[in-house]
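Q: Dumping the structure here so I can ask a few things about it.
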Amino acid sequence: MQLLDLSVPLNERTPIYPGDPTMKIRSHAVLDSDGYEVHSVCLGTHLGTHIDAPSHMLAGGKNLNQIPLEKFSGRGVYIKIESGFDLEVVKKVPLAKDDIVLFDTGMSICYDQPRYFQEYPPLTEAIANYLVEREVKMIGVDMCSVDYSPFTIHKILLEHEILIIENLTGLSRLQGQNFTVHAFPLPLPLDGSPTRVVAQILPPD
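Under our numbering, the final residue of the sequence shown carries the number 721; numbering is consecutive throughout.
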């Protein structure tokens, strides 16, 4: 079985979306004196590679622990974005109900630079509505967000319970592959969670 990790590392140096909390790790018990190791970890719900739940943007929207497990695993579809999001480019790739669509913009190469959080290409409303029409169940991007304030794209997708994965990495490895995406977050009663996102490579058709 071939598995590809599409998640960024989590530590106290993990870059954060402007205004979000940084990660803090503290020792709670030490092996030498306590006989075991335990740490406390404080982090934001949208740190690193993570999933946005509907409650992230919508009053009364579902939290992650209210989403069926089936939503977090499914057939993956890779789409390369060369120079901004274009509906016609997206339409060239066959999409089916319950697909998980991963958009490779190349932005992950500047994950540790300020422009990663300032100059990313937003999805368009036309593409968001097309994804709703195709009934995909989740999308993922190698960017910090799918849009800018007032977060119209987030709201279009999350209103239809299309979950959003942000801060993916290494998506170019999926080009030309058949794969399944597994993206299981912590079952928090909250608006999001860091997530280990894995692509399981399948045999060619």
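Cβ coordinates follow ideal geometry from the N, Cα and C atoms, glycine included.
Can you say whether G590 is buried or exposed, counting buried as having 16 or more other CB atoms within 10 angstroms of its CB?
A: It counts as buried.
Q: Might you give, ordered along the chain, the residues of its own chain that have their beta carbon closer than 6 Å to the beta carbon of L559, omitting 5 neighbours on each side?
A: Answer for L559: M539, listed in chain order.
Q: Kindly give me the distance between the Cβ atoms of L603 and Y646, rounded to whole angstroms, as I take these residues to be in contact under 8 Å.
A: Contact holds; Cβ gap of about 6 Å.
Q: So, with DSSP's three-state summary, where would you put T668?
A: Reduced to three states, the DSSP call for T668 is helix.
Q: I541: which of S549, T530, D548 and S556 sits nearest, CA to CA?
A: Cα-wise, what sits closest to I541 is S556.
Q: With H, G and I counted as helix, E and B as strand and the rest as coil, what does DSSP make of P701?
A: Looking at P701 - three-state DSSP - the assignment turns out to be strand.
Q: Measure the CB-CB distance between I616 and V697 and report whether it falls below 8 Å.
A: Their beta carbons are under 8 Å apart, which means I616 touches V697 by this criterion.
Q: Under the assumption that K587 contacts K653 (Cβ atoms under 8 Å), give the Cβ distance between them as a whole number of angstroms.
A: Contact flag correct, Cβ pair sits at about 5 Å.
Q: Considering only residues of the same chain and omitting the five flanking positions on each side of V524, which have a CB-CB separation below 6 Å?
A: If we look at V524 and ignore the five residues flanking it on each side, its Cβ neighbours are G564, T565, N683 and T685.
Q: Straight-line CA distance for G656 to Q693?
A: Each residue's alpha carbon lies about 16 Å from the other.
Q: In this structure, how does DSSP classify N694 when only helix, strand and coil are distinguished?
A: In this structure, N694 counts as strand in the three-state DSSP scheme.
Q: Can you tell me the Cα-Cα spacing of I532 and E635, whole angstroms?
A: Each residue's Cα considered, the two are about 15 Å apart.
Q: Would you mind reading off the limits of the alpha helix (DSSP H) that contains S556?
A: That residue, S556, is in no alpha helix (DSSP H); its beta strand (DSSP E) goes V554 to C558.
Q: Please tell me whether T530 and G708 are closer than 8 Å, where the distance is taken between their beta carbons.
A: No. Outside cutoff.
Q: Could you say which of R689, L580, N581 and D721 lies nearest to K520 if we only look at CA atoms?
A: As written in the sequence, residue 520 is Leu, which differs from the Lys given in the question. Considering only alpha carbons, the answer is R689.
Q: Look up I595 in the DSSP assignment and give the residues it is bridged to.
A: For I595, which the question treats as bridged, DSSP gives the partners F619.
Q: So if DSSP puts L679 in a beta bridge, which residue, or which two residues, is it bridged to?
A: Beta-bridge pairing links L679 to M654.
Q: Please confirm whether T711 and D658 have their CB atoms less than 8 Å apart.
A: Result no, Cβ atoms of T711 and D658 do not sit closer than 8 Å.
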